[in-house]
(Lines of atoms letter the chains of each structure in order from A and count residues from 1; the text may use other names and numbers.)
(Lines give C-alpha, C1' and ligand atoms only; values in the text may rest on other atoms or scores of the structure.)
Protein backbone atom coordinates (compact mmCIF):
# COMPACT_ATOMS: atom_id res chain seq x y z
CA UNK A 1 0.00 0.00 0.00
CA UNK A 2 1.12 3.52 -0.74
CA UNK A 3 0.23 6.45 1.50
CA UNK A 4 0.25 9.95 -0.02
CA UNK A 5 0.61 12.51 2.77
CA UNK A 6 0.14 15.45 0.39
CA UNK A 7 -3.62 14.89 0.22
CA UNK A 8 -3.93 14.81 3.99
CA UNK A 9 -1.77 17.89 4.46
CA UNK A 10 -3.67 19.83 1.80
CA UNK A 11 -7.01 18.97 3.40
CA UNK A 12 -5.69 19.79 6.87
CA UNK A 13 -4.24 23.15 5.90
CA UNK A 14 -7.48 23.94 4.08
CA UNK A 15 -9.26 23.78 7.43
CA UNK A 16 -6.57 25.77 9.23
CA UNK A 17 -4.62 22.83 10.66
CA UNK A 18 -1.03 23.78 9.90
CA UNK A 19 1.00 21.52 12.18
CA UNK A 20 1.13 17.87 13.19
CA UNK A 21 -0.23 18.93 16.59
CA UNK A 22 -3.27 20.52 14.95
CA UNK A 23 -3.81 17.33 12.98
CA UNK A 24 -3.52 15.06 16.01
CA UNK A 25 -5.97 17.20 18.02
CA UNK A 26 -8.55 17.20 15.22
CA UNK A 27 -8.24 13.46 14.62
CA UNK A 28 -8.07 12.55 18.30
CA UNK A 29 -4.80 10.65 17.95
CA UNK A 30 -1.55 10.75 19.89
CA UNK A 31 0.84 13.57 18.97
CA UNK A 32 3.39 11.02 17.74
CA UNK A 33 0.81 9.53 15.39
CA UNK A 34 -0.07 12.99 14.07
CA UNK A 35 3.61 13.69 13.45
CA UNK A 36 4.11 10.37 11.61
CA UNK A 37 1.05 10.96 9.43
CA UNK A 38 2.02 14.57 8.70
CA UNK A 39 5.53 13.61 7.62
CA UNK A 40 4.53 10.44 5.77
CA UNK A 41 6.32 8.01 8.08
CA UNK A 42 3.25 5.81 8.55
CA UNK A 43 0.01 5.11 6.75
CA UNK A 44 -3.22 5.61 8.66
CA UNK A 45 -4.93 2.62 10.22
CA UNK A 46 -8.53 1.94 9.26
CA UNK A 47 -9.76 3.83 12.34
CA UNK A 48 -7.52 6.83 11.65
CA UNK A 49 -8.48 6.83 7.96
CA UNK A 50 -12.13 6.97 9.04
CA UNK A 51 -11.31 9.91 11.33
CA UNK A 52 -9.57 11.66 8.42
CA UNK A 53 -12.65 11.21 6.28
CA UNK A 54 -14.91 12.61 9.02
CA UNK A 55 -12.61 15.53 9.81
CA UNK A 56 -11.34 16.49 6.38
CA UNK A 57 -13.56 14.74 3.85
CA UNK A 58 -10.73 12.72 2.29
CA UNK A 59 -11.76 9.10 1.73
CA UNK A 60 -9.38 6.32 2.71
CA UNK A 61 -9.32 5.15 -0.92
CA UNK A 62 -7.58 8.42 -1.82
CA UNK A 63 -5.15 8.36 1.11
CA UNK A 64 -3.97 4.79 0.74
CA UNK A 65 -3.69 3.07 -2.62
CA UNK A 66 -2.50 -0.38 -3.57
CA UNK A 67 0.95 -0.52 -5.10
CA UNK A 68 1.11 -1.21 -8.78
CA UNK A 69 1.93 -4.81 -9.52
CA UNK A 70 5.06 -5.54 -11.44
CA UNK A 71 4.55 -7.74 -14.45
CA UNK A 72 7.26 -10.29 -15.13
CA UNK A 73 8.72 -9.99 -18.59
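In the numbering used here, the protein residues as written are 2 to 74. All C-beta atoms, glycine included, are put in the ideal place defined by N, C-alpha and C.
Close-in-space but distant-in-sequence residues of the same chain around residue i (CB under 7 Å, 5 per side omitted)
{"i": "residue 10", "result": "39"}
Beta-carbon separation (whole angstroms), residue i vs residue j, contact threshold 8 Å
{"i": "residue 14", "j": "residue 25", "result": "With a Cβ gap of about 15 Å, residue 14 and residue 25 do not count as contacting."}
{"i": "residue 18", "j": "residue 27", "result": "6 Å"}
{"i": "residue 54", "j": "residue 47", "result": "No, residue 54 and residue 47 are not in contact; Cβ-Cβ is about 11 Å, not under 8 Å."}
Contact check, residue i vs residue j, beta carbons under 7 Å
{"i": "residue 59", "j": "residue 12", "result": "yes"}
{"i": "residue 68", "j": "residue 3", "result": "yes"}
{"i": "residue 44", "j": "residue 65", "result": "yes"}
Residues of its chain near residue i, where Cβ-Cβ distance is below 8 Å and the 5 sequence neighbours each way are ignored
{"i": "residue 32", "result": "21, 22, 25"}
Inset, instruction - Starting from the N-terminal side, write out each stretch of the alpha helix (DSSP H) that is 4 residues or longer and does not extend beyond the region 21-69. - result: Segments of the alpha helix (DSSP H) lying fully in the region 21-69: 21-28, 32-40, 47-57, 61-64.
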